[in-house]
Amino acid sequence: MIPFQYARANDIAEAVRLVAGDPKAKFIAGGTNLIDLMKMDVERPAMVIDITRLPLKQVEGIPGGGLRIGALVRNTDLAYHPLIETRYPVLASAIMAGASQQLRNMASTGGNLLQRTRCAYFYDTAMPCNKREPGSGCSAINGQNRIHAILGTSDACIATHPSDMCVALAMLEAKVHVTGPSGDRMIAFADFHRLPGDTPQRDSNLNPGEIITAVELPAKGFVSNYTYLKIRDRLSYAFALVSVAVGLELDGDTIREGRFALGGVAHKPWRDAEAEGTLSGQPATTATFARAADVVLRGAKGYGHNTFKIALAHRCIVRALTQAARGTPQSQSFKKIL
Ligand SMILES: Cc1cc2nc3c(=O)[nH]c(=O)nc-3n(C[C@H](O)[C@H](O)[C@H](O)COP(=O)(O)OP(=O)(O)OC[C@H]3O[C@@H](n4cnc5c(N)ncnc54)[C@H](O)[C@@H]3O)c2cc1C
Ligand code: SF4
Numbered sequence: 000m001i002p003f004q005y006a007r008a009n010d011i012a013e014a015v016r017l018v019a020g021d022p023k024a025k026f027i028a029g030g031t032n033l034i035d036l037m038k039m040d041v042e043r044p045a046m047v048i049d050i051t052r053l054p055l056k057q058v059e060g061i062p063g064g065g066l067r068i069g070a071l072v073r074n075t076d077l078a079y080h081p082l083i084e085t086r087y088p089v090l091a092s093a094i095m096a097g098a099s100q101q102l103r104n105m106a107s108t109g110g111n112l113l114q115r116t117r118c119a120y121f122y123d124t125a126m127p128c129n130k131r132e133p134g135s136g137c138s139a140i141n142g143q144n145r146i147h148a149i150l151g152t153s154d155a156c157i158a159t160h161p162s163d164m165c166v167a168l169a170m171l172e173a174k175v176h177v178t179g180p181s182g183d184r185m186i187a188f189a190d191f192h193r194l195p196g197d198t199p200q201r202d203s204n205l206n207p208g209e210i211i212t213a214v215e216l217p218a219k220g221f222v223s224n225y226t227y228l229k230i231r232d233r234l235s236y237a238f239a240l241v242s243v244a245v246g247l248e249l250d251g252d253t254i255r256e257g258r259f260a261l262g263g264v265a266h267k268p269w270r271d272a273e274a275e276g277t278l279s280g281q282p283a284t285t286a287t288f289a290r291a292a293d294v295v296l297r298g299a300k301g302y303g304h305n306t307f308k309i310a311l312a313h314r315c316i317v318r319a320l321t322q323a324a325r326g327t328p329q330s331q332s333f334k335k336i337l
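First residue of the sequence shown? That's 0 in numbering that gives the first Met the number 0, and the numbers climb one at a time after it.
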């Protein structure tokens with residue numbers, strides 16, 4: 000039995016005060032990741048701060064045409080929200096590709112951003128892991144690394160970020176609103192998650208004492224030409240080996256703007272401005288898409304079991320861009336399960 004304290008925050012100021020007052024305190028939202036980590040002795044918070052009663056459950060329009068999503072909006076409620084389904088279908092698709100219905104019913108927007116890697120060595124406290132215990136070593140580099148990263152890795156860690164939702168949020172250029180002891184700030188989604196470098200224990204640039212309050216979506220949602228393609232070992236209830244979120248703006252058959260983000264390949268959702276730049280002004284053809292894939296994967300590195308991901312990612316990028324250009328997105332099964 001490992002004792003811990005439980006506290007419930009009644010407002011955001013109280014949540015910040017509680018978490019800032021104890022470096023070993025942790026927020027709990029849906030609990031779908033934190034509780035597992037506590038049961039496996041990976042996380043040992045001295046205090047668990049329940050934030051589920053905070054008023055952060057709204058999806059609302061903001062000036063300029065974007066949307067503000069409260070950090071406690073459940074994944075299911077977000078995926079089925081009429082404004083998300085109609086204006087940001089790539090986000091709805093990405094959320095519905097993740098986890099299971101029961102998990103999505105519990106999982107929150109903020110918790111999804113901060114879920115931790117699924118590297119098996121991270122969960123196995125008998126094995127060295129720099130993310131869990133800095134300086135102990137990385138068991139995956141020369142171990143079972145089939146699900147691990149091929150881009151942005153370091154000698155300290157080759158873990159991936161497991162979220163589907165975050166891949167779509169990266170492509171949409173969302174912003175993360177946070178509040179801490181020194182006030183409010185906004186973090187561009189590209190700067191929210193970190194590469195492992197020599198500090199793999201830090202997944203994000205959230206500072207100690209800060210809480211995520213909302214995620215903001217800009218007005219542009221790529222309603223006509225988008226896709227979220229997820230390749231995994233089973234058709235459902237499995238994390239991505241590789242995933243791709245695409246948004247295209249077309250002028251006839253010519254690409255005016257092309258964006259894509261990759262999941263399952265790096266410590267954060269992976270975007271590459273140079274690769275996306277190769278799409279602009281080009282015809283929406285397989286050759287154009289293959290060139291963009293070549294560019295984004297130019298620095299990819301396999302570690303043995305995961306080397307297949309390089310070719311897989313190339314094919315996924317071409318397929319996802321093709322689907323988006325044709326207006327035939329991957330997953331559209333939004334039948335609500337009540
Ligand atoms: C079996 C299984 C399969 C899964 N499959 C997938 C999948 O295929 N794709 C996918 O994307 N996800 C998948 N997930 C992960 C799931 O989406 C996450 O566990 C969930 O999104 C986390 O949200 P939560 O609210 O439950 O977070 P919690 O477990 O409550 O918290 C997670 C972390 O976030 C912190 N936190 C939570 N809210 C805030 C906040 N507002 N501000 C600051 N910190 C906060 C907590 O302190 C904790 O460190 C799976 C999970 C399981 C168990
Ligand atoms: S890849 Fe990262 S999380 Fe996995 S064992 Fe290595 S250091 Fe730990």
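Built from N, CA and C at the ideal position, the CB exists for glycine as well.
#### Entry: Distance between beta carbons of Ser279 and Ile316, contact taken as under 8 Å
Not a contact, Cβ separation roughly 16 Å.
### Message
Between which residues of its own chain and Met105 is the CB-CB distance below 6 Å, once the five residues before and five after are set aside?
### Response
Gly29 and Thr31
### Task
Flag this pair as yes or no: are the beta carbons of Leu150 and Ala299 separated by less than 7 Å?
A contact, by the Cβ cut-off of 7 Å.
#### Entry: Local conformation of Leu17 per DSSP, three classes
helix
### Query
When you compare only the Cα positions, how much space is there between Leu102 and Ile94?
11 Å
### Query
Taking just the CA atoms, how far does Gly110 sit from Leu340?
With the chain running from 0 to 337 in the structure shown, residue 340 is simply not present.
### Task
Along the beta strand (DSSP E) that carries Val47, what are the first and last residues, could you check?
Per DSSP, Val47 belongs to the beta strand (DSSP E) from Met46 to Asp49.
#### Entry: At least three beta-carbon pairs within less than 8 Å, the segment 252-269 to the segment 165-176
Touching, per the Cβ criterion.
### Task
Indicate the three-state DSSP secondary structure (helix, strand or coil) for Thr306 in the structure shown.
coil
### Query
With respect to 6 Å, is the separation between the Cβ of Pro199 and the closest non-hydrogen atom of ligand 2 below this value?
yes
### Message
Please tell me whether Val175 and Phe191 are closer than 7 Å, where the distance is taken between their beta carbons.
### Response
yes
### Query
Rounded to whole angstroms, how far is the Cβ of Val144 from the Cβ of His313, which I believe are closer than 8 Å?
The identity of residue 144 in the sequence shown is Asn, whereas the question assumes Val. Contact doesn't hold; Cβ gap of about 19 Å is too wide.
### Query
Is there contact between the segment 52-67 and the segment 121-138, where contact requires at least three CB pairs shorter than 8 Å?
With a cut-off of 8 Å, the segment 121-138 and the segment 52-67 do not count as touching, because too few Cβ pairs lie within range.
### Query
Are there three or more Cβ pairs, one per stretch, closer than 8 Å when the segment 76-83 is compared with the segment 238-248?
no
### Query
For Thr108 versus Val58, is the C-beta distance shorter than 7 Å?
Going by C-beta atoms, Thr108 is not nearer than 7 Å to Val58.
#### Entry: Residues of its chain near Met39, where Cβ-Cβ distance is below 6 Å and the 5 sequence neighbours each way are ignored
Tyr122
### Query
Looking at the structure shown, is Ala323 part of a helix, part of a strand, or coil, going by DSSP?
In the three-state DSSP reduction, Ala323 falls in the helix class (H, G or I).
### Query
Does the segment 177-186 come close enough to the segment 216-225 that 3 or more CB-CB pairs lie under 8 Å?
no
### Task
Please determine, among Pro22, Pro62 and Thr306, the residue with the shortest C-alpha to C-alpha distance to Val47.
Pro22
### Query
Quick one: is the Cβ of Gly63 within less than 6 Å of any heavy atom of ligand 1?
At a threshold of 6 Å, Gly63 does not count as near ligand 1, since its beta carbon sits no closer than that to any of the ligand's heavy atoms.
#### Entry: Own chain residues within Cβ distance below 7 Å of Gly60, not counting five before or after
If you ignore the 5 residues before and after Gly60, its C-beta comes within less than 7 Å of the C-beta of Leu66, all in its own chain and listed in chain order.
### Task
Given a cut-off of 7 Å, decide if Asp271 and Val245 are closer than it, judged by their beta-carbon atoms.
no
### Query
From Ala19 to Ala158, what does the alpha carbon distance come to, in whole angstroms?
28 Å
### Message
Measuring only the C-alpha atoms, how far is Leu247 from Ala289?
### Response
15 Å
### Query
Going by the beta-carbon positions, is the gap between Arg201 and Arg193 smaller than 7 Å?
yes
### Message
Suppose you measure from the CA of Thr152 to the CA of His266; what does that come to, to the nearest Å?
### Response
C-alpha of Thr152 to C-alpha of His266: approximately 7 Å in a straight line.
### Task
Using DSSP bridges, identify the partner residues of Leu247.
Gly257
#### Entry: Close-in-space but distant-in-sequence residues of the same chain around Leu311 (CB under 8 Å, 5 per side omitted)
Within the same chain, Leu311 has close Cβ partners Ile230, Leu240 and Val241.
### Query
At a cut-off of 6 Å, is Gly20 close to ligand 1 when judged by its beta-carbon and the heavy atoms of the ligand?
Gly20: no, Cβ never under 6 Å from ligand 1.
### Task
Would you tell me roughly how many angstroms separate the C-alpha atoms of Tyr302 and Leu77, rounded to the nearest one?
36 Å
### Task
Assign Thr75 to buried or exposed, taking buried as 16 or more other Cβ atoms, counted over all protein chains shown, within 10 Å of its Cβ.
buried
### Message
With a threshold of 8 Å on Cβ separation, who are the neighbours of Thr277 within its own chain once the five nearest residues in sequence on each side are excluded?
### Response
Answer for Thr277: Thr287, Arg290, Ala291 and Val294, listed in chain order.
### Task
Alpha carbon to alpha carbon, how far is Val41 from Arg131? Give it in angstroms, no decimals.
When rounded, the distance between both Cα atoms is 7 Å.
### Message
Less than 7 Å between the C-beta atoms of Ala323 and Tyr227, yes or no?
### Response
no
#### Entry: C-alpha distance - Leu53 paired with Asp250, whole-angstrom precision
About 44 Å.
### Task
Could you tell me which residues DSSP puts in a beta bridge with Ser107?
Arg73
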